[in-house]
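Going down the list, the protein sequences come from chains R and G.
If you read the first sequence in our numbering, its first letter stands for residue 1, the second for the next number, and so on.
If you read the second sequence in our numbering, its first letter stands for residue 1, the second for the next number, and so on.
The structure appears below as structure tokens.
There are 2 protein chains.
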Amino acid sequence: MEQDEKLLKSTINNSKTGFSHGDEFHGELLANFSSNVWFGANHNQLYAHLFKKMNAIRRYPEADSGSLRNMLAERLNISANELLLTNGSAEGIYMLAQAYRGKRSLIVSPTFSEYERACRVNEHEVLTCTASDIVNAIKREQPDLVWICTPNNPDGKVLDAGYIEALMAHFQQVHFVLDLSFREYSLLKQPEESLIQRYSNVYILYSFTKRYGIPGLRIGYLCSCNLNISKLFHYVIPWSVNVLAAETLKFLLNESEDNFRLPEWLVERNRLMSMINQIPNLQCHESDTPFFLVTLSEGKSADLKSFLLERKILVRDASTFSDGKKQQLRLLTLTPEKNNLLIEKLKEWSLLISL
Amino acid sequence: MEQDEKLLKSTINNSKTGFSHGDEFHGELLANFSSNVWFGANHNQLYAHLFKKMNAIRRYPEADSGSLRNMLAERLNISANELLLTNGSAEGIYMLAQAYRGKRSLIVSPTFSEYERACRVNEHEVLTCTASDIVNAIKREQPDLVWICTPNNPDGKVLDAGYIEALMAHFQQVHFVLDLSFREYSLLKQPEESLIQRYSNVYILYSFTKRYGIPGLRIGYLCSCNLNISKLFHYVIPWSVNVLAAETLKFLLNESEDNFRLPEWLVERNRLMSMINQIPNLQCHESDTPFFLVTLSEGKSADLKSFLLERKILVRDASTFSDGKKQQLRLLTLTPEKNNLLIEKLKEWSLLISL
Chain R
1 MEQDEKLLKS TINNSKTGFS HGDEFHGELL ANFSSNVWFG ANHNQLYAHL FKKMNAIRRY
61 PEADSGSLRN MLAERLNISA NELLLTNGSA EGIYMLAQAY RGKRSLIVSP TFSEYERACR
121 VNEHEVLTCT ASDIVNAIKR EQPDLVWICT PNNPDGKVLD AGYIEALMAH FQQVHFVLDL
181 SFREYSLLKQ PEESLIQRYS NVYILYSFTK RYGIPGLRIG YLCSCNLNIS KLFHYVIPWS
241 VNVLAAETLK FLLNESEDNF RLPEWLVERN RLMSMINQIP NLQCHESDTP FFLVTLSEGK
301 SADLKSFLLE RKILVRDAST FSDGKKQQLR LLTLTPEKNN LLIEKLKEWS LLISL
Chain G
1 MEQDEKLLKS TINNSKTGFS HGDEFHGELL ANFSSNVWFG ANHNQLYAHL FKKMNAIRRY
61 PEADSGSLRN MLAERLNISA NELLLTNGSA EGIYMLAQAY RGKRSLIVSP TFSEYERACR
121 VNEHEVLTCT ASDIVNAIKR EQPDLVWICT PNNPDGKVLD AGYIEALMAH FQQVHFVLDL
181 SFREYSLLKQ PEESLIQRYS NVYILYSFTK RYGIPGLRIG YLCSCNLNIS KLFHYVIPWS
241 VNVLAAETLK FLLNESEDNF RLPEWLVERN RLMSMINQIP NLQCHESDTP FFLVTLSEGK
301 SADLKSFLLE RKILVRDAST FSDGKKQQLR LLTLTPEKNN LLIEKLKEWS LLISL
């Protein structure tokens, strides 16, 4: 235990940047509820494919990922010049923030911290609002850009696709950035790429990390109308997409089916949530995805995280999303066995804290 | 031939960005003299290592590449907080240009085009000077930043390491960016990382692409004094180094020896140069590296490039480095067989053009 704690502390202390995706612990764990990545992906065929394609590392990537862009554009039913491949969605976020340098950004919060960081690096005026207050906030704050993550991290809530489209139609002077990286995590209707052909004031971000379980490879995209994308080319850093990431995407685009089954995942989430809700001091929040927030009515989420880490279980302390105002965890639903293990430990903690 | 030409043209036309490293043709070639990458690297063990480490793609990269930074810092005999891992040296170039946004940059030219592009994207005032005029240019132009590539691309010339250090010592208000990506390509003394511990006005860029023959993987570094690096962290895009690139670097740092033999490569370069110099209309320029410039006294370098491409030989048209003022090729020395093939075709061309 002490060693795990030390490892964790040194990991956190070494991270000068303070970036976090919940997956910061690289020791031996029994269960990792802290990341939002689909855990069940079977990558054996991908590994074999990459091994076959290894010679690609001897050549430069295409500077603008041309052939891969064509392939992906076809799949998304858009044109290649409405699309940019990025080194993870992070590169897309920073590129947009750079292109709108010094503008007013409204971030629908709480959400993924990189939108705000990217905006601050590029000297935006940063404003925030809740999902229920977007219309008023736009009227009041007159932002240039509105950042929306849907389904949202950390709460897993989907903003209605029709509502988002109505926002774009109504506020045509405002540019909307939609991060759809979790779109396959909800059964609800999601905004689609065809939006970019009806509205010139929308950017869509996507990352293959979550749904495909490949956070280490860094591949995502950004799409918008041709004019917006051609302006963004000004900010592109050449050769940013590694050839093995590119080969991975080619493989995934050709794969007919895999083992991702959202309905089953959500059924297990419901079971996990109802078990947690039976534990004193813990209350789950409604979510549209397999990850969700849990509020503690007693104790600190950081302490609960430490308690679980001593038992080799990693969870995400989500109090960081509210600057510590809310004592919350973010949990990703894992396998029934791992979920049962978590429940057992949460019950122990609940008992301890009530003594 | 027509098909090759079409492919080439479509490659160039599709490249809206206009980035170029000389390696833009991905068809079947007999010989590729156009890139600057060590062609002889044997990567079989690396491939096996990467295959073993494939599971790493299921985890996020460390946001700040912590453990790899420690490992590399130890090798470079500097501290980890004097070092940043980057997604190729390109990311380092753009990060520096962003950190010095709006400043005056003096670029020692002709050289790699990305320094100028990165400066312009970040609204620098861009000035250029030749390698022999640096001192006067600094006095005259009072730049904030001076960009020096040594050995230089495209001409393979080394700027004396003692001279560079004297510049830093004398012009302490100026920051020097040294791109040492080709440093293993010359037998001459090169600037070393220890410079950053004696001078706070120097940044060193390096890419593993060239010497290690891995342009597809994108891994490089940037080092400077602790204070400079901690300021640059403000601009870091998280998770920019792909885990397979990171694993590759770990492998390379543990490799005791490989088949890179510069002296032999330079001997063959001398042979290639002397054969070219015997061909009417062609004159090689002195170089400290296995790549060098060739000036055409008649004809256009673009036409010679097309002529060679029809024969499935790719060379770099280096007239782009002088905005077309000089008709030049840049050639990388390849194997004796390939070099002989090139000589044969250059003789044909020379005969044709003199008819």
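Quick reminder that beta carbons are idealized off the backbone N, C-alpha and C, glycines included.
I need the DSSP call for Glu286/R, collapsed to helix, strand or coil.
The residue labelled residue 286/R in the question sits at position 286 within the first sequence. Glu286/R: coil per DSSP, three-state reduction.
Does the distance from the C-beta atom of Asn242/G to that of Gly216/R stay below 8 Å?
Position 242 of the second sequence, counted from the first residue, corresponds to residue 242/G. Position 216 of the first sequence, counted from the first residue, corresponds to residue 216/R. Closer than 8 Å, so yes.
Chain G beta carbons: is any one of them nearer than 8 Å to that of Met54/R?
Translated into positions along the first sequence, residue 54/R becomes position 54. With 8 Å as the cut-off, Met54/R counts as an interface residue toward chain G.
Residue range of the alpha helix (DSSP H) that Asp179/G falls in?
Walking along the second sequence from the start, residue 179/G turns up at place 179. Note, Asp179/G: premise wrong, no alpha helix (DSSP H); beta strand (DSSP E) at His175 to Asp179.
Residues of the region 199 to 229 of chain R whose Cβ lies closer than 7 Å to any Cβ of chain G, in chain order:
Gly213, Ile214, Pro215, Gly216, Leu217 and Arg218
Using the C-alpha atoms, what's the distance from Pro263/G back to Met168/G?
One-based indexing of the second sequence puts residue 168/G at position 168. One-based indexing of the second sequence puts residue 263/G at position 263. Computed Cα separation, rounded: 30 Å.
Inter-residue CB distance, Ala90/G and Glu114/G (contact presumed, cutoff 8 Å):
By 1-based counting over the second sequence, the position of residue 90/G is 90. By 1-based counting over the second sequence, the position of residue 114/G is 114. The pair is a contact, with the Cβ atoms about 6 Å apart (cut-off 8 Å).
Contact with chain R by Leu83/G, beta-carbon distance below 8 Å:
As a working note, residue 83/G is residue 83 in the second sequence. For Leu83/G, the answer is no, since every Cβ of chain R falls outside 8 Å of its Cβ.
Just to confirm, is the Cβ distance from Leu195/G to Leu222/G under 8 Å?
Position 195 of the second sequence, counting from 1, holds the residue named residue 195/G. Position 222 of the second sequence, counting from 1, holds the residue named residue 222/G. Judged by beta-carbon spacing, Leu222/G lies beyond the 8 Å limit of Leu195/G, meaning their Cβ atoms are not closer than that value.
Count the other CB atoms within 10 Å of the CB of Pro280/R; is the residue buried (16 or more) or exposed (fewer)?
The residue you call residue 280/R lines up with position 280 of the first sequence. Exposed is the call here.
Does Phe182/G come within less than 8 Å of chain R when only Cβ atoms are used?
Here the question's residue 182/G lines up with position 182 in the second sequence. By this cut-off, Phe182/G is not an interface position.
Beta carbon of Arg198/R nearer than 8 Å to that of Gln190/R
Sequence index remark: in the first sequence, residue 198/R carries index 198 (1-based). Sequence index remark: in the first sequence, residue 190/R carries index 190 (1-based). Not a contact, by the Cβ cut-off of 8 Å.
Local conformation of Glu125/R per DSSP, three classes:
Indexing the first sequence from 1 puts residue 125/R at position 125. Here Glu125/R sits in strand by DSSP.
Kindly identify the DSSP beta-bridge partner or partners of Phe292/R.
Taking the first residue of the first sequence as position 1, residue 292/R is located at position 292. Beta-bridge pairing links Phe292/R to Leu331/R.
Phe51/G CB to nearest chain R CB: under 8 Å?
Walking along the second sequence from the start, residue 51/G turns up at place 51. Phe51/G counts as touching chain R.
Along the alpha helix (DSSP H) that carries Val267/G, what are the first and last residues, could you check?
By one-based count along the second sequence, residue 267/G stands at place 267. Here the alpha helix (DSSP H) through Val267/G covers Leu262 to Asn277.
C-beta atoms of Ser109/R and Arg316/R nearer than 8 Å:
Working through the first sequence from its first residue, we reach residue 109/R at position 109. Working through the first sequence from its first residue, we reach residue 316/R at position 316. For Ser109/R and Arg316/R, no; Cβs fall outside 8 Å.
Helix, strand or coil: how does DSSP classify Trp349/R here?
By one-based count along the first sequence, residue 349/R stands at place 349. Helix at Trp349/R.
Sequence-distant residues of its chain with Cβ nearer than 6 Å to Met275/G (five each side left out)
For the purposes of this step, residue 275/G is taken as residue 275 along the second sequence, with counting starting at 1. Excluding residues within five positions, the ones whose Cβ falls inside 6 Å are Ile343.
Any C-beta of chain R under 8 Å from that of Ile313/G
The residue you call residue 313/G lines up with position 313 of the second sequence. No, Ile313/G does not count as interfacial toward chain R.
Drop a sphere of 10 angstroms on the beta-carbon of Trp349/G, count the other beta-carbons inside from all chains shown, and report buried for 16 or more, exposed for fewer.
Numbered from 1 along the second sequence, position 349 holds the residue referred to as residue 349/G. Counting Cβ neighbours within 10 Å, Trp349/G comes out buried, since at least 16 surround it.
For Leu308/G, which three-state DSSP category applies?
Counting from 1 along the second sequence, the entry for residue 308/G is found at position 308. If DSSP states are grouped into helix, strand and coil, Leu308/G belongs with the helices.
Thr356/G classed as buried or exposed, judged by whether at least 16 other C-beta atoms fall within 10 angstroms:
Absent from the structure is residue 356/G, since the part of chain G shown begins at 1 and ends at 355.
Within 10 angstroms of the Cβ of Ser354/G, are there 16 or more other Cβ atoms? Answer buried if so, exposed if not.
Counting from 1 along the second sequence, the entry for residue 354/G is found at position 354. By the neighbour-count rule (16 or more Cβ atoms within 10 Å), Ser354/G is not buried but exposed.
Give me the chain R residues within the contact set of His234/G, using Cβ-Cβ distance strictly less than 7 Å, ordered along the chain.
As a working note, residue 234/G is residue 234 in the second sequence. In chain order: Val121.
Is the region 123 to 140 of chain R touching the region 97 to 104 of chain R in the sense that three or more CB pairs, one from each, lie closer than 8 Å?
yes
If we call anything under 8 Å between Cβ atoms a contact, is Asn81/G one with Leu332/G?
Taking the second sequence and counting its residues from 1, the one referred to as residue 81/G is at position 81. Taking the second sequence and counting its residues from 1, the one referred to as residue 332/G is at position 332. No, they are not a contact pair.
Mind checking if Pro151/R is an interface residue toward chain G, Cβ cutoff 8 Å exclusive?
Against the first sequence, residue 151/R aligns to sequence position 151. With a threshold of 8 Å between beta carbons, Pro151/R makes no contact with chain G.
Straight-line CA distance for Lys139/G to Gln173/G?
Working through the second sequence from its first residue, we reach residue 139/G at position 139. Working through the second sequence from its first residue, we reach residue 173/G at position 173. Going from the Cα of Lys139/G to the Cα of Gln173/G covers about 11 Å.
Would Leu366/R pass as an interface residue toward chain G - the criterion being a Cβ-Cβ separation below 8 Å?
Given that chain R is displayed from residue 1 to residue 355, the structure contains no residue 366/R and the question cannot be resolved.
Considering just the uninterrupted stretch of the beta strand (DSSP E) at Thr86/G, what are its terminal residues?
As a position in the second sequence, residue 86/G is number 86, starting the count at 1. Thr86/G -> beta strand (DSSP E) spans Leu83 to Thr86.
Between Leu304/R and the rest of its own chain, which residues show a CB-CB distance below 7 Å, the 5 nearest in sequence each way excluded?
Taking the first residue of the first sequence as 1, we reach residue 304/R at position 304. Cβ within range, chain order: Leu296, Leu329 and Trp349.
Beta-carbon gap between Ala99/R and Tyr235/R smaller than 8 Å:
Residue mapping note: residue 99/R aligns to position 99 of the first sequence, counting from 1. Residue mapping note: residue 235/R aligns to position 235 of the first sequence, counting from 1. In contact: Ala99/R and Tyr235/R (Cβ atoms closer than 8 Å).
Trp38/G and Lys250/G - do their beta-carbons sit closer together than 8 Å?
Your numbering for residue 250/G matches position 250 in the second sequence. Your numbering for residue 38/G matches position 38 in the second sequence. Remark: C-beta atoms of Lys250/G and Trp38/G do not approach each other more closely than 8 Å.
Kindly say whether Ser287/G, judged by its beta-carbon, lies nearer than 8 Å to any beta-carbon of chain R.
Translated into the one-based positions of the second sequence, residue 287/G becomes position 287. Ser287/G does not count as touching chain R.
Step through the CB atoms of chain G and report whether any lies within less than 8 Å of the CB of Tyr60/R.
As a working note, residue 60/R is residue 60 in the first sequence. Chain G contact via Cβ: present.
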